[in-house]
Amino acid sequence: MCKLENLSKTYIVRMKNSQITFIYLVSLIFEKLKTESFMISSNSNAKLLSRYSDKRGSALSVTKRSNSSTALQKIAYHTARVATLEPIKEATSSPEPKRSADDIIDEQGIPNTLMTVQQVKQKHHHDIQVPQLQPLPQNIDSSAFPLIEKKLELCSILPDFTDVDADKLAKNTKTMTLKELMNVFNSPVVVPILSPAIISKFFDMIKANLNRGLPAIPKKYLCFDDEPPLVDIAWPHLSLVYTVLQKFQEISPKNENFNDDFVNLLLNLLHAPDINERDKVVEIFIKYLDTYPDKEPYIFKRIGYFLIGYKEKVYDPFCVIPCLRIFLTRFKLNSPPITNNSSNNNNKPPPVVNEKHLAFFKQSILPLYSSQHIFSYYPLLTETFDFFIKQDISMCTFIFRTVVKGFPEARPSKQILFIQMLNFLVERTDPSDFEKIAVKLFTLYARCSQSCHYKVVDASFQIWGNVSIIPKILDNTSVIYPIVYANFNRTMKEHWSNRAQNAALNTLKSMHDTDPFMFDELNQNTQKKGNIMPEKDNAALQLHKNWAMVARTAAKVDRNVNLVRILADIQIKFNSNNNDMVAKKPPNRPIAKTNSNASPAPKIVSPGNTKSRFPNF
């Protein structure tokens, strides 16, 4: 027995010694590897490691979880990136500082602008060869004319901007040449001495750069309410070309090369996707019309057709802003002077509106209020409204009645914009004309106060805080208050949004402060009506249940039936037509005595008898 115990003790000691020896050897190997820094000599391994030099974390990155993590962080351990270890580096590389958790990731963010043509990388591309010309002398004379012609021919070449790495030399050379030509055509001393051949080649260069063909914009960028922010891929050169043309136009505005063909080219460029290019074209047109005012009817007719074509979805929305700018600029220049007249004076002077301008406004500009991209040109549209209202105050009522007809029913963002537009028009309405539009205006606002979107509700109450409109409301409280009081009171009590309830409460307080007598009278009438309990129509209630039963039965038979949508439609239909379906009972009809303990037999109403009043599901 003693021998067995001694043998077991000896075996245990040897096992412990072997474990200690193994751990010691592993530690020596680790120290050896650490001191030699695990040098990598092969190029293949170096290339493999270079793949992990990106700042972004890899899918194989090791993540150390903190011991103090919360339960939620422990659950989301595989998705949360708390502390990512540095990727493997070569031993010779210096240690990089630790990145903070707030560093910007490459994939985050959406580009603010889009290119008109998608940039690609071309495998088989031959760069354009351009001649290397000597710089122009400081003092330009006839001896420099051949060199100017060669530089104009060089600037007529169009490099490939769809590939960033293509035609680099040609792009740089053309940029420097355009800057040289800018100094030539910007000099009032040099331009008059230039030969007609140089001027002709100058306009050929302009046409070659501008008449390049506008790219087709994908429809997915045009489905939003705002105009997409697009930038032409060749804008670095086009900006210099337009600048040279504007400099020449300032010095020689009546040059014969500004002919009808050149004007038609500029008219087509009003459809350019890049807003910067359209601004340049508008500036050229304004200068051209100042020089040739007799060309205004022709240009007005063309840009008027552009706006009508956009309204009919023939053109893209890019032409709207430049056309409105040209219209508005010429309207202001050619309008007769405005006399300050008191709005309370009954002897109003005749309107001073230009009839030709008014015709363009009614046919081309005013219909834009109901277009899709109104958010892009809304400031220009309201500025045009304000111009004609100042010319003739009666135009305000005409514009108001036109805009109210196109009020959107299902777009909260556009509803808010239309409410702002209506408030803009009401501010400028004459008090005598306010009575004509008050019923339509406040009927619309009372309906908007019942909207499910709280921003629409809030916008419908903004008119009660407008200082310039409150006096007009005060003169018509007997007409306005009965229209809006019931809806405002219902919004204050039943709307889901606290913000909408507070806005309705503040509006009711404002109504009480404006005319307390009328407000108290409406409040008393509402309380009297509230004490009378409305009679429930059992027939309408049973009909509602029958249609719901039919919808549920159809959903069991056909899996494609959307039961939730159909039940919602039935609920909306019965609620909207509740007043029409209530059976009116005679006031003094005797009520039959029934046994209160006996339950009434269910009355089934056939849906076939109500085809004309409800849709078939």
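In full-length UniProt numbering, the protein residues as written are 1 to 617.
Glycine included, each C-beta is placed from N, C-alpha and C at the ideal position.
C-alpha distance - residue i paired with residue j, whole-angstrom precision
| i | j | result |
| --- | --- | --- |
| histidine 544 | glutamate 409 | 26 Å |
| lysine 361 | proline 379 | Correcting the residue type first, residue 361 is phenylalanine in the shown sequence and not lysine. Using only the alpha carbons, I get a separation of about 16 Å. |
| proline 273 | aspartate 261 | 22 Å |
| leucine 178 | lysine 414 | 45 Å |
| serine 371 | histidine 357 | 21 Å |
| threonine 162 | phenylalanine 300 | 36 Å |
| histidine 373 | phenylalanine 306 | 15 Å |
| residue 618 | leucine 444 | Given a span of 1 to 617 for the chain in the structure shown, any question on residue 618 remains unanswerable. |
| glutamate 495 | alanine 486 | Before going on, a small fix: residue 495 reads as histidine here, not glutamate. Approximately 13 Å, taken between the alpha carbons. |
| lysine 440 | glutamate 427 | 16 Å |
| arginine 167 | threonine 175 | Strictly speaking, residue 167 in this sequence is aspartate, with arginine absent from that position. When rounded, the distance between both Cα atoms is 12 Å. |
| histidine 126 | proline 236 | 21 Å |
| glutamine 462 | glutamine 501 | 14 Å |
| proline 590 | alanine 540 | Bear in mind that a pLDDT of 42 at proline 590, under 50, signals an unreliable position, so the number given afterwards is only what the model happens to contain. Cα to Cα, the separation comes out at about 21 Å. |
| asparagine 546 | glutamine 571 | 12 Å |
| phenylalanine 224 | phenylalanine 185 | 42 Å |
| aspartate 520 | lysine 390 | 39 Å |
| valine 561 | methionine 549 | 14 Å |
| proline 516 | glutamine 450 | 24 Å |
| leucine 324 | proline 471 | 34 Å |
| isoleucine 393 | proline 322 | 27 Å |
| residue 618 | phenylalanine 202 | Since the first residue shown for the chain is 1 and the last is 617, residue 618 is missing from the structure and cannot be characterised. |
| proline 253 | threonine 291 | 7 Å |
| aspartate 204 | valine 164 | 27 Å |
| lysine 528 | lysine 219 | 58 Å |
| threonine 173 | serine 239 | 16 Å |
| residue 635 | proline 228 | Coverage of the chain is limited to positions 1 through 617, which leaves residue 635 absent and any answer about it impossible. |
| leucine 267 | threonine 507 | 50 Å |
| glutamate 355 | arginine 411 | 35 Å |
| proline 131 | arginine 302 | 41 Å |
| lysine 332 | phenylalanine 387 | 8 Å |
| leucine 210 | tyrosine 315 | 20 Å |
| glutamate 256 | isoleucine 128 | 33 Å |
| phenylalanine 407 | arginine 447 | 12 Å |
| residue 628 | glutamine 363 | As displayed, the chain neither begins before 1 nor continues past 617, which places residue 628 out of reach and without an answer. |
Exposure label - residue i; buried when at least 16 CB within 10 Å
| i | result |
| --- | --- |
| alanine 438 | buried |
| asparagine 334 | exposed |
| proline 192 | exposed |
| asparagine 498 | exposed |
| phenylalanine 318 | buried |
| asparagine 538 | exposed |
| alanine 598 | Note that alanine 598 scores a pLDDT of 41, beneath 50, so its modelled location is shaky and nothing firm can be said. |
| tyrosine 288 | buried |
| threonine 429 | buried |
| threonine 553 | exposed |
| serine 376 | buried |
| serine 41 | Reliability fails at serine 41, whose pLDDT of 44 lies under 50, so the model's placement of it is uncertain and the value that follows must be treated cautiously. Serine 41 comes out exposed. |
| lysine 556 | exposed |
| asparagine 460 | Checking the sequence shown, residue 460 turns out to be serine, not asparagine. Buried. |
| proline 159 | buried |
| aspartate 513 | exposed |
| tyrosine 298 | exposed |
| arginine 330 | buried |
| isoleucine 294 | Strictly speaking, residue 294 in this sequence is aspartate, with isoleucine absent from that position. Aspartate 294 comes out exposed. |
| alanine 359 | exposed |
Beta-carbon separation (whole angstroms), residue i vs residue j, contact threshold 8 Å
| i | j | result |
| --- | --- | --- |
| valine 117 | isoleucine 275 | Contact doesn't hold; Cβ gap of about 16 Å is too wide. |
| leucine 154 | leucine 133 | 7 Å |
| valine 241 | isoleucine 206 | 6 Å |
| leucine 522 | tyrosine 481 | 6 Å |
| methionine 182 | valine 244 | 5 Å |
| phenylalanine 442 | valine 484 | 5 Å |
| isoleucine 365 | phenylalanine 327 | 7 Å |
| aspartate 433 | threonine 382 | Going by Cβ atoms, the distance from aspartate 433 to threonine 382 rounds to 19 Å, so no, they are not a contact pair. |
| leucine 368 | lysine 311 | 7 Å |
Residue(s) in a DSSP beta bridge with residue i
| i | result |
| --- | --- |
| methionine 115 | Val231 |
| aspartate 274 | Leu230 |
Proximity test, residue i beta-carbon vs the ligand GTP heavy atom, cut-off 8 Å
| i | result |
| --- | --- |
| aspartate 433 | With respect to the ligand GTP, the structure offers nothing, as it holds no ligand at all. |
> Can you give, in chain order, each stretch of the alpha helix (DSSP H) that sits fully within the region 349–410 and has at least 4 residues?
Replying inline: 355–360, 374–391, 395–405
>> I'd like the ranges of any alpha helix (DSSP H) spanning at least 4 consecutive residues and lying wholly in the region 417–483.
In response: 431–448, 454–460, 470–474
> Going along the chain, which unbroken runs of the alpha helix (DSSP H) with 4 or more residues stay wholly within the region 491–526?
Replying inline: The qualifying runs are 498–514.
>> At 4 residues or longer, what runs of the alpha helix (DSSP H) sit wholly inside the region 130–187?
In response: 145–155, 168–185
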